[in-house]
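A short write-up of the structure that comes next.
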Amino acid sequence: MFAANKYLKLAKQVIKGKHIYLRIAEKSDYQQWLEIRSNNQDFLKPYEPIWHKEALLKKTFYARVRNDKYAASADVKYAFLIFRISDNRLLGGINMNNVQRGVFQACAIGYWLGQTENSKGYMTEAVGLITENSFAKWQLNRVQAATLINNHASIKVLEKNGFEREGTARKYLKINNQWQDHLLFAKIRPDLPKTIQRSNLLQK
4 MFAANKYLKL
14 AKQVIKGKHI
24 YLRIAEKSDY
34 QQWLEIRSNN
44 QDFLKPYEPI
54 WHKEALLKKT
64 FYARVRNDKY
74 AASADVKYAF
84 LIFRISDNRL
94 LGGINMNNVQ
104 RGVFQACAIG
114 YWLGQTENSK
124 GYMTEAVGLI
134 TENSFAKWQL
144 NRVQAATLIN
154 NHASIKVLEK
164 NGFEREGTAR
174 KYLKINNQWQ
184 DHLLFAKIRP
194 DLPKTIQRSN
204 LLQK
């Protein structure tokens, strides 16, 4: 159903960095995904919406894979998993959400990482890759991100990638079943270095 869609073809291109690569989820990823999500449920809980009671079931994951491909084909969302190059281990995920065209040409990124993989530079690299490709491959003008005020690790990741703080949004997202204030960050296309590492785009 999606095979001929140009946006899904873009999404199926593996984005390769120095230590990690990003690709869309497939059904075969379920066991790795289940392991990392179940092992990190308590760690991720303060930073995510409340998990549905069937969130970790295989049928839910399969539906997510299908829905993410549909969203990519519609050019509204691109969801990627983060893998370590050395052993193909699943480390986390990163999304381009709320892709908007027309006069806006922007998206909002969201991301998560397993606790044992924190502070190793993986998410800094992942955000850099997705931002570069948002500009170079998807031709967006603006990449936005929102983070909880007390999520210092996430703030550091964004700042390392050249995102600038634009303000605070009160009661912005319902995280862990509470409406919480967020810091708003953004990076615009002119802020990207002129030389884009197009080698990051590795065709499947």
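Positions 4 to 207 (our numbering) are the ones given, in order, by the sequence shown.
For each residue, glycine too, the CB sits at the ideal point set by N, CA and C.
Note that this is a predicted model, so its numbers are computed, not measured.
Asked	Found
Quick check: the Cα distance between residue 205 and residue 132, rounded to an integer number of angstroms?	Residue confidence for residue 205 is low, a pLDDT of 38 falling below 50, so the modelled location carries little weight and cannot support an answer.
Residue 146 and residue 191: beta carbons closer than 9 Å?	yes
Could you tell me the boundaries of the alpha helix (DSSP H) in which residue 72 lies?	61-76
Span of the beta strand (DSSP E) holding residue 103?	93-103
Among 16, 150, 188, which one has its Cα closest to the Cα of residue 177?	150
Quick check: the Cα distance between residue 188 and residue 79, rounded to an integer number of angstroms?	20 Å
Work out the CA separation of residue 37 and residue 86 for me, nearest whole Å.	15 Å
On the criterion of 16 or more Cβ atoms from any shown chain inside 10 Å, does residue 119 qualify as buried, or is it exposed?	exposed
Excluding the 5 residues preceding and the 5 following residue 14 in the sequence, name in chain order all residues of the same chain whose CB lies nearer than 6 Å to its CB.	27, 75, 81
Tell me which same chain residues have a C-beta within less than 7 Å of the C-beta of residue 88, skipping the five on either side of it?	22, 23, 24
What is the DSSP secondary structure of residue 37, counted as helix, strand or coil?	helix
Would you give the residue range spanned by the alpha helix (DSSP H) that residue 160 belongs to?	155-163
Looking only at C-alpha atoms, which of 34, 163, 19 sits nearest to residue 93?	34
Taking all protein chains shown into account, do 16 or more other C-beta atoms lie within 10 angstroms of the C-beta of residue 157, making it buried, or fewer, making it exposed?	buried
Return yes when the Cβ of residue 115 is within less than 9 Å of the Cβ of residue 50, no when it is not.	yes
Start and end of the alpha helix (DSSP H) containing residue 133?	125-139
Between residue 68 and the rest of its own chain, which residues show a CB-CB distance below 7 Å, the 5 nearest in sequence each way excluded?	28, 29, 30
Classify residue 70: buried if its beta carbon has 16 or more other beta carbons within 10 angstroms, exposed otherwise.	exposed
I need the straight-line Cα distance from residue 95 to residue 106, nearest angstrom please.	32 Å
In this structure, how does DSSP classify residue 200 when only helix, strand and coil are distinguished?	Confidence at residue 200 is low in this model, with a pLDDT of 42, below 50, so its placement is unreliable and no value can be given for it.
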